[in-house]
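In mature numbering (1 follows the signal peptide of the UniProt record, and there is no 0), the protein residues as written are -20 to -1, 1 to 377.
Let me begin by presenting the structure, written as C-alpha cells, before commenting on it.
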C-alpha cells in the first residue's frame, strides 16, 4: 500500500504536465506521544509505557481540477497504530452545480460532528485529540453521495449537507473488532453561523448489521435462544438489519480571545444488545498571543432501557406438555437461566463516565503547533480514575 500511494502521487504529478488538470497537494501530520500515569491503567489506546505511535499520523491530500466544474480528491493517511501503512481514507469526485451547490460521489467523511471534516487534522483544533466521550464512533467514512448547499438567511450563513450511502467496515461495537454493514444510510447536517457564533445539528438513520462472530458469549446466547425456539428474543439482542440513528447538536463561539465549544450526541440501535449512548462535552479556551489554554468537561452514559430486561421466559412448554427450563443445560438443575445471562449482557453494556481535561496549545510556527494535555477519566460505575498525559506537534504543509 505504501508503494501504491507513492505511485499515485507520482502519477498525479505526471498528469499535470500532460493534461489541463491542475493538481494541488496538501499534507498534514501529527507526532503525538502519551502514557497513563499509573501502572496497569489504559485509556484511549495508551498504557503506562510511553507510546509515540498510537495517535501519530502522516497524510497527503490530492485535489485535481478537471475543469468544467469537476474536481477529484483523494486523501492518503498512514497511522502509527497501523505501522504507518498508507491507506486511501477519501476518494471522491465533486461537481459544482452552481456557486452555492455541489454534489460529490465516492468515499467521504461522514459529517457526524463539528470537526468531522478535519478530524485527523490536529492543527485545526486546540486539543491533542477531540473530546473522546463524544468523538467515540470507530468509523468515520462512508461510500455514497453528498450534496452541499450554501446560502444566506438574513445575516446568517447557512450550510446544508445531505448524505446517502453505506458503510462496510470493521468497527468497535460488541467487541473491539466486528464486521459491520450500515446500509441505506441517510443523513442531514445543517450549520448556521454569524460573526463569532455558529450552531449545527445533524441526524442520520441507517440499517445496521453487526456480526457476533468475534463474541463467543453472544454467539452462544443467540444459539441457545434459537435452540429453544425463541427466535424473537434472539432477534431482540442480535444486530441484524436493525434500525439505528445518530443525532447531534452543537454550538461554537470564537469571540475576541475567548473560545467555547459544546456538542451533544445520541446513538442507538433498536432491538439489539447495544446500549443507547448519550454524550456531551463543553470546552472553554482563551488565547494569549500564540498560546491557547483550555479546559474541557465530558460526560458519557450508555444503558439499555428497563423494558429490554426479563424478556426471555424462564420455562417453555414442549408439545407433549412437559415444562422445560430455559437454561444452558436443561438436564442440569444448577445450569444458569438464559434470562439471567441475557439480563447480564444487557447490564454489561452499561457505562457512565466523566472526563476533565486541561491543556495548552503553542503556535510556534505559522504551520505548526505544540500541544500538551492532561485527561482525568472517571468511571462513575466502578469509581476507577485514570490519568493520561499526552503531548506532541500538529502541522500542515
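Virtual Cβ for every residue (Gly too), placed ideally from N, Cα, C.
For a quick check, are the C-beta atoms of residue 181 and residue 225 less than 9 Å apart? no
Run the CB neighbour count on residue 330, radius 10 Å, all protein chains shown included, and call it buried at 16 or more, exposed below. exposed
Residues that residue 338 bridges to, as DSSP identifies them: 275, 354
Can you say whether residue 176 is buried or exposed, counting buried as having 16 or more other CB atoms within 10 angstroms of its CB? exposed
From the DSSP output, in three-state form, read off residue 252 for me. coil
Tell me, please, which residues DSSP counts as bridged to residue 32. The partner list for residue 32 (beta bridge, DSSP) is empty, contrary to what the question assumes.
Can you list, in chain order, the residues of its chain whose CB lies under 6 Å from that of residue 414, leaving out five sequence neighbours each side? Since the first residue of the chain shown is -20 and the last is 377, residue 414 is not available in this structure.
Touching or not, the stretch 80 to 94 and the stretch 112 to 131, by the rule of three or more beta carbon pairs under 8 Å? yes
Is it true that the stretch 247 to 266 meets the stretch 276 to 290, where meeting means three or more beta-carbon pairs spaced less than 8 Å apart? yes
If you reduce the DSSP assignment to three classes, tell me which class residue 6 lands in. strand
Can you tell which of 263, 310, 231, 201 has the C-alpha that lies nearest to the C-alpha of residue 322? 201
Is it right to say residue 88 is buried, meaning 16 or more other beta carbons lie within 10 angstroms of its own, or is it exposed? buried
Mind checking which residues open and close the beta strand (DSSP E) that includes residue 194? Note, residue 194: premise wrong, no beta strand (DSSP E); not H, not E.
Suppose you measure from the CA of residue 381 to the CA of residue 14; what does that come to, to the nearest Å? With the chain covering -20 to 377 only, the question about residue 381 has no answer from this structure.
Out of 2, 65, 7, which has the shortest C-alpha to C-alpha gap to residue 52? 2
Classify residue 35 as buried or exposed, calling it buried when 16 or more other Cβ atoms lie within 10 Å of its own Cβ. buried
According to DSSP, residues forming a beta bridge with residue 221: Partner(s): none; residue 221 has no beta bridge.
Go ahead and pull the three-state DSSP assignment for residue 237. coil
Beta strand (DSSP E) runs contained entirely in the stretch 10 to 82, provided each spans 3 or more residues: 37 to 45, 50 to 59, 66 to 76
Nonlocal neighbours in the same chain, by C-beta distance under 8 Å from residue 325, ignoring five residues either side: 197, 198, 201, 217, 253
Span separating the alpha-carbon of residue 99 from that of residue 299: 58 Å
Does residue -5 come out as helix, strand or coil in the three-state DSSP assignment? For residue -5, the pLDDT reaches just 42, beneath the cut-off of 50, and the residue's location in the model is therefore unreliable, although a value from the coordinates is still provided. Helix, per DSSP.
For residue 235, collect the residues of the same chain with a Cβ closer than 6 Å to its Cβ; drop the 5 residues on either side in sequence, then sort them by chain order. 176
Determine the burial state of residue 48: buried for a count of at least 16 other Cβ atoms within 10 Å of its Cβ, exposed for fewer. exposed
In three-state DSSP terms, what is residue 125? strand
Run the CB neighbour count on residue 284, radius 10 Å, all protein chains shown included, and call it buried at 16 or more, exposed below. buried
List the DSSP bridge partners of residue 105. According to DSSP, residue 105 bridges with nothing at all.
Suppose contacts are defined by Cβ-Cβ distances below 9 Å. Is residue 38 in contact with residue 68 by that definition? no
In the DSSP assignment, what residue or residues form a beta bridge with residue 180? 171, 230
Jot down the residue ranges of each uninterrupted beta strand (DSSP E) in the stretch 278 to 336, minimum 3 residues, whole runs only, in chain order. 295 to 297, 303 to 305
Among 160, 250, 164, 275, whose alpha-carbon lies nearest the alpha-carbon of residue 240? 275
I'd like the span of the beta strand (DSSP E) that includes residue 139, first residue to last. 136 to 151
Taking only three categories from DSSP, how would you classify residue 370? strand
If you draw a straight line from the alpha carbon of residue 133 to that of residue 291, how long is it in whole angstroms? 50 Å
What number of angstroms, rounded off, separates the C-alpha of residue 305 from the C-alpha of residue 208? 10 Å
Residues in the same chain with beta-carbon distance under 6 Å from residue 264, minus the five sequence neighbours each way, listed in chain order, please. 240, 275
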